[in-house]
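Below: the structure, in C-alpha cells.
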Amino acid sequence: MSSSSSRNAFEDGKYKTDLLTLDSSSRCCKTTPSPPKQLLVATPVEEGEYPVLMLLHGYLIYNSFYSQLMSHVSSHGFILIAPQLYSIAGPDIMDEIKSTAEIIHWLSVGSLNHFLPAQVIPNLSKFALSGHSRGGKTAFAVALKKFGYSSDLKISTLIGIDPVDGTWKGQQTPPPVLAYEPNSLDLDKIPVLVIGSGLVETSRNSLFPPCAPPGVNHEEFFRECQSPVWHFVAEDYGHLDMLDDDTKGIRGKILYCLCMNGEKRRPMRRFVGGILVSFLKAYLEGDDFELVKIKDGCHKGLPIKIQEFEVTK
Numbered sequence: 000m001s002s003s004s005s006r007n008a009f010e011d012g013k014y015k016t017d018l019l020t021l022d023s024s025s026r027c028c029k030t031t032p033s034p035p036k037q038l039l040v041a042t043p044v045e046e047g048e049y050p051v052l053m054l055l056h057g058y059l060i061y062n063s064f065y066s067q068l069m070s071h072v073s074s075h076g077f078i079l080i081a082p083q084l085y086s087i088a089g090p091d092i093m094d095e096i097k098s099t100a101e102i103i104h105w106l107s108v109g110s111l112n113h114f115l116p117a118q119v120i121p122n123l124s125k126f127a128l129s130g131h132s133r134g135g136k137t138a139f140a141v142a143l144k145k146f147g148y149s150s151d152l153k154i155s156t157l158i159g160i161d162p163v164d165g166t167w168k169g170q171q172t173p174p175p176v177l178a179y180e181p182n183s184l185d186l187d188k189i190p191v192l193v194i195g196s197g198l199v200e201t202s203r204n205s206l207f208p209p210c211a212p213p214g215v216n217h218e219e220f221f222r223e224c225q226s227p228v229w230h231f232v233a234e235d236y237g238h239l240d241m242l243d244d245d246t247k248g249i250r251g252k253i254l255y256c257l258c259m260n261g262e263k264r265r266p267m268r269r270f271v272g273g274i275l276v277s278f279l280k281a282y283l284e285g286d287d288f289e290l291v292k293i294k295d296g297c298h299k300g301l302p303i304k305i306q307e308f309e310v311t312k
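Numbering-wise (numbering that gives the first Met the number 0), the sequence shown opens with residue 0 and increments by one.
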C-alpha cells in the first residue's frame with residue numbers, strides 16, 4: 000500500500016487551515032444542537048472530504064495549548080477536534096469518559112457539518128480517537144467499551160500520546176485501564192499508536208514526581224496492546240513538549256515547571272505531528288510511504304532522535 004509521495008509529514012502540509020472555537024453559544028440553526036463541551040477545531044479550508052481525529056487533552060491542560068500541533072496535522076488533510084473536557088478535576092475520569100462519548104454521539108448525527116466551511120465534509124467512516132497524558136487513558140477507556148460508555152462511531156485507529164494511568168504502579172486513578180498482563184487490552188483489532196517521551200520517568204525536582212511514572216506510562220500501554228500496535232519514544236524530550244511554544248496564563252506558565260523538558264518544544268511537537276500524520280495516512284488512507292521510511296530508519300526529515308521503536312503486526 001506504499002505511495003510514491005515525496006511530502007514530509009514532519010513539516011506543514013499542503014492544506015491551508017483554520018482554527019474554530021465552538022461552544023454552547025455556537026448555533027448555526029434551530030435544529031442543530033451546540034456541542035456538549037467547548038471544542039477547538041482545526042480544519043482544512045479547501046473543498047474536500049477529510050478524516051476526523053479527536054484529541055483529548057492532558058490533566059488540567061487547556062485544549063488551546065495544542066493549537067500548533069493540531070494545525071500541523073490538519074494541514075496534511077485532517078479535521079481535528081479537541082474538546083475541553085473540564086477545567087478542574089479530581090482523580091476519577093468517569094466524567095471524561097461520559098463527556099467523550101457524548102461528543103462522539105454529537106459528531107455521529109452530523110452536527111459538526113453545520114459549523115465547518117460549506118465545502119468541507121468530515122468523513123466519519125475514518126474516525127480516529129487520541130489523547131495525551133490523562134486524555135490518553137480516557138481515549139483507551141472509551142475504546143475498551145467496558146466502563147459504561149462507548150463510541151457511537153467505529154474507531155478506525157487509537158492513539159495514545161504519552162498516556163498515563165495513575166501516579167505509580169499500584170496507584171492507578173479510577174477506573175484503572177491497565178491490567179498488567181501482556182496483550183490484555185481487547186480493542187477489537189483497532190490499529191494502535193503509542194508515542195512516548197524519553198524524560199517522562201525523570202522528576203524535574205524533589206517537589207514533583209515524574210509526570211509519567213514507570214508502570215503506568217507508555218511502556219505498559221504498549222505492552223498490553225494487542226496487534227497491530229506501533230510504539231515510538233522520543234529521546235531527550237518530556238511529557239509536555241508537544242504543546243504550543245507559548246502556553247499563556249498562570250496555568251500555561253506552571254506547565255513549564257512540572258515535568259522534565261527538552262531544549263525546545265518545536266522539535267517534539269513536529270515529531271508527534273509527523274508520526275500522527277504518517278500513522279493516519281497508513282491506516283486511514285492506505286498510504287504507508289512515510290511510516291515505512293520512519294520504521295526503516297531512512298526518513299531524513301526526523302526532527303529528533305528516536306530513542307526506541309517497536310511494532311507488532
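Cβ atoms here follow ideal geometry from the backbone N, Cα and C, with glycine treated the same way.
Between F231 and I189, the gap from beta carbon to beta carbon reaches 9 Å or more.
DSSP lists no bridge partner for E46. Counting only residues of its own chain and dropping the five nearest sequence neighbours on each side, G251 has a CB closer than 8 Å to the CB of Y61, F64, D245. Note that the C-beta distance between P212 and K168 is below 9 Å. The way I'd put it, the stretch 173 to 193 doesn't touch the stretch 251 to 266; fewer than three beta-carbon pairs between them come closer than 8 Å. Contact between G135 and D161 holds, with the beta-carbon distance rounding to 7 Å and staying under 8 Å. For R6, the CB contacts under 8 Å within the same chain, skipping 5 residues up- and downstream, are G12, K13, H75, E289 in chain order. Contact check for S132 against Y236 fails: the beta carbons are separated by 9 Å or more. Contact fails between the stretch 73 to 88 and the stretch 174 to 185, because fewer than three Cβ pairs, one in each stretch, are under 8 Å apart. Under a 10 Å Cβ-count criterion, S24 is classified as exposed, with fewer than 16 other Cβ atoms of the shown protein chains found around its own Cβ. Note that the C-beta distance between A127 and I158 is below 9 Å. Non-local C-beta neighbours of F207 in its own chain, meaning closer than 7 Å and more than five positions away in sequence, comprise L257, ordered along the chain.
Residue range 66 to 73 is occupied by the alpha helix (DSSP H) that includes Q67. Take the alpha-carbon of A8 and the one of S277: they are about 6 Å apart. In this structure, A233 and M259 do not form a Cβ contact; the two beta carbons are roughly 12 Å apart against a cut-off of 8 Å.
A direct Cα-to-Cα measurement between H217 and P35 gives close to 29 Å. Annotation for D17: T42, V44 place their beta carbon closer than 7 Å to its own, counting only its chain and skipping 5 residues before and after. For secondary structure counted as the beta strand (DSSP E) over 3 or more consecutive residues, the stretch 172 to 237 holds these complete runs in sequence order: 191 to 196, 228 to 233.
Fully enclosed alpha helix (DSSP H) runs of no fewer than 4 residues occupy 66 to 73, 93 to 107, 133 to 143 of the stretch 56 to 143, in order along the chain.
By DSSP's assignment, M53 forms a beta bridge with I80, L128. Judged by DSSP secondary structure, L19 falls within the beta strand (DSSP E) whose first and last residues are 16 to 21. Separation of K304 and P50 (C-alpha to C-alpha, rounded to the nearest whole angstrom) is 29 Å. For G272, the uninterrupted alpha helix (DSSP H) segment begins and ends at 264 to 284. Under the criterion of beta carbons closer than 8 Å, L106 and L123 qualify as touching, at roughly 6 Å.
Going by DSSP, G159 is part of the beta strand (DSSP E) stretching over 154 to 160. A direct Cα-Cα distance of roughly 12 Å separates Y282 from I154. Per the DSSP secondary-structure output, V40 pairs in a beta bridge with L19, I80.
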